[in-house]
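To keep things clear, I will list the structure first and then write my remarks on it.
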Amino acid sequence: MKDKRILYVSSEVVPYLPETEISSMSFEAPRLVNQQGGQIRIFMPRYGNINERRHQLHEVIRLSGINLVINDLDMPLIIKVASIPKERIQVYFIDNDEYFKRKATLTDEDGNLFPDNDERAIFFAKGVIETVKKLNWSPDIIHVHGWLAALLPLYLKEYYKDEPLFSDSKIVTSVYNQSFDNMLNNDLINKIKFDNITEDAIKILDKPTYNNLMKVAIDQSDALIVGSEHIPEELDAHIKASDKPTLEYKSRDEFGEAYTTFFNNSVLS
Numbered sequence: 001m002k003d004k005r006i007l008y009v010s011s012e013v014v015p016y017l018p019e020t021e022i023s024s025m026s027f028e029a030p031r032l033v034n035q036q037g038g039q040i041r042i043f044m045p046r047y048g049n050i051n052e053r054r055h056q057l058h059e060v061i062r063l064s065g066i067n068l069v070i071n072d073l074d075m076p077l078i079i080k081v082a083s084i085p086k087e088r089i090q091v092y093f094i095d096n097d098e099y100f101k102r103k104a105t106l107t108d109e110d111g112n113l114f115p116d117n118d119e120r121a122i123f124f125a126k127g128v129i130e131t132v133k134k135l136n137w138s139p140d141i142i143h144v145h146g147w148l149a150a151l152l153p154l155y156l157k158e159y160y161k162d163e164p165l166f167s168d169s170k171i172v173t174s175v176y177n178q179s180f181d182n183m184l185n186n187d188l189i190n191k192i193k194f195d196n197i198t199e200d201a202i203k204i205l206d207k208p209t210y211n212n213l214m215k216v217a218i219d220q221s222d223a224l225i226v227g228s229e230h231i232p233e234e235l236d237a238h239i240k241a242s243d244k245p246t247l248e249y250k251s252r253d254e255f256g257e258a259y260t261t262f263f264n265n266s267v268l269s
């Protein structure tokens with residue numbers, strides 16, 4: 001992967017959040033590419049339960065300051081950055097007081113999804129893309145992890161389809177078993193329609209379940225990775241029906257060579 005540019009977009013990354021399948025792989029995969037001489041950028045949300053002082057986050061003034069329109073409301077975008085100790089890896093954090101100041105990630109203390117997770121997902125997708133545009137950094141591969149990041153492929157292929165910076169970028173989505181019960185806000189589909197995204201691409205989001213959200217990501221990606229040993233049968237079938245280049249599940253101990261081969265031979269070829 002030497003000299004390849006890979007953008008990692010994840011809902012969670014260690015060491016900033018507890019270790020899960022997603023947060024671990026969102027650290028291990030970039031570290032592998034970094035060690036191979038590739039160029040990487042990692043983006044995640046700046047949840048309020050991330051200790052800014054301990055992890056030495058600081059705002060990047062030159063990247064902050066623009067407003068993103070979410071469902072006809074102007075929402076200020078704040079960009080913060082930190083370095084993972086001993087790895088020479090920078091992580092960019094998408095922040096906004098309305099969406100990410102609360103001292104939690106995706107659910108309240110009773111385990112209920114936050115009602116604005118749908119808008120947080122839209123804001124995160126747009127915020128990443130607008131920041132990468134400001135960096136003027138054209139990725140060869142964009143690798144998506146976690147359902148809060150799942151709208152990124154849709155926005156890249158629809159809302160930003162004429163953006164030349166991403167014209168040659170390949171989108172890879174990892175599909176995990178780390179899901180949520182019930183549904184996101186029922187108005188999600190209308191909030192996406194506000195951005196003039198075609199209804200055909202999102203009609204399945206009439207029911208914004210985890211599986212349907214991931215199906216949209218699968219449909220808008222160029223290649224797929226099965227990130228968990230077991231994923232919902234419905235998603236497994238959707239991946240197979242997509243007929244897109246797919247890397248089957250690899251454990252943390254064996255993923256390195258498999259990911260490198262897959263990226264070089266199936267995604268970039």
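Here the sequence shown stands for residues 1 to 269, where the numbers follow the UniProt record's numbering.
Cβ atoms here follow ideal geometry from the backbone N, Cα and C, with glycine treated the same way.
Given the structure is predicted, the values throughout are model-derived calculations rather than measurements.
My understanding is that asparagine 185 touches aspartate 118, with C-beta atoms under 8 Å, so please give their C-beta distance in whole angstroms. Along the sequence shown, read from residue 1 onward, the residue named residue 185 stands at position 185. Along the sequence shown, read from residue 1 onward, the residue named residue 118 stands at position 118. Right, their Cβ atoms sit about 4 Å apart.
Pairwise C-alpha distance: valine 267 and aspartate 3: Counting from one through the sequence shown, the residue named residue 3 turns up at place 3. Counting from one through the sequence shown, the residue named residue 267 turns up at place 267. Answer to the nearest angstrom: the Cα atoms are 16 Å apart.
Burial state of alanine 121, where buried means 16 or more other Cβ atoms lie within 10 Å: As a position in the sequence shown, residue 121 is number 121, starting the count at 1. The residue in question, alanine 121, is buried, as its Cβ has 16 or more Cβ neighbours within 10 Å.
For proline 153, which residues from the same chain have a beta carbon less than 7 Å from its beta carbon, with the 5 sequence-adjacent residues on both sides left out? Sequence index remark: in the sequence shown, residue 153 carries index 153 (1-based). Excluding positions up to five away in sequence, the list reads Val144, Ile171, Thr173, Ala217, Gln220 and Ser221.
Residues in its own chain within less than 6 Å of arginine 41 by CB, not counting five upstream and five downstream? In the sequence shown, counting from the first residue as 1, residue 41 sits at position 41. For arginine 41, where only same-chain residues beyond five positions count, the Cβ hits under 6 Å are Leu7.
List the endpoints of the continuous alpha helix (DSSP H) containing histidine 238. Numbered from 1 along the sequence shown, position 238 holds the residue referred to as residue 238. Segment 233-242, the alpha helix (DSSP H) holding histidine 238.
Given a cut-off of 7 Å, decide if valine 128 and valine 9 are closer than it, judged by their beta-carbon atoms. Start at 1 with the first residue of the sequence shown, and residue 9 comes out as number 9. Start at 1 with the first residue of the sequence shown, and residue 128 comes out as number 128. Yes.
Counting along the chain, where does the alpha helix (DSSP H) carrying alanine 125 start and finish? For the purposes of this step, residue 125 is identified with residue 125 of the sequence shown, where counting begins at 1. First-last of the alpha helix (DSSP H) with alanine 125: 117-135.
Given threonine 105 as reference, the closest of Ile239, Leu205 and Tyr16 once Cα atoms are compared: For the purposes of this step, residue 105 is taken as the residue at position 105 of the sequence shown. It is Tyr16.
If I'm right that arginine 46 touches aspartate 95 with Cβ under 8 Å, what's the distance once you round it to whole angstroms? Within the sequence shown, numbered from 1, the residue matching residue 46 stands at position 46. Within the sequence shown, numbered from 1, the residue matching residue 95 stands at position 95. Between aspartate 95 and arginine 46 the Cβ distance is about 4 Å, and since that is below 8 Å, they are a contact.
For valine 60, does the three-state DSSP call read helix, strand or coil? Position 60 of the sequence shown holds residue 60. It is coil, neither helix nor strand.
Uninterrupted alpha helix (DSSP H) stretches inside the region 128-207 (no shorter than 4 residues): 152-157, 188-193 and 199-202
DSSP state of valine 9, grouped into three classes? Numbered from 1 along the sequence shown, position 9 holds the residue referred to as residue 9. Correct three-state label for valine 9: strand.
Exposure of histidine 58, with buried meaning 16 or more beta-carbon neighbours within 10 Å: Start at 1 with the first residue of the sequence shown, and residue 58 comes out as number 58. So histidine 58 counts as exposed.
Can you tell me whether asparagine 212 is buried or exposed? The criterion is at least 16 other CB atoms within 10 Å of its CB, across all chains shown. Translated into the one-based positions of the sequence shown, residue 212 becomes position 212. By the 10 Å Cβ count, asparagine 212 comes out buried.
Distance between histidine 238 and phenylalanine 93 (C-alpha atoms, nearest Å): Working through the sequence shown from its first residue, we reach residue 93 at position 93. Working through the sequence shown from its first residue, we reach residue 238 at position 238. Those two C-alpha atoms are separated by around 31 Å.
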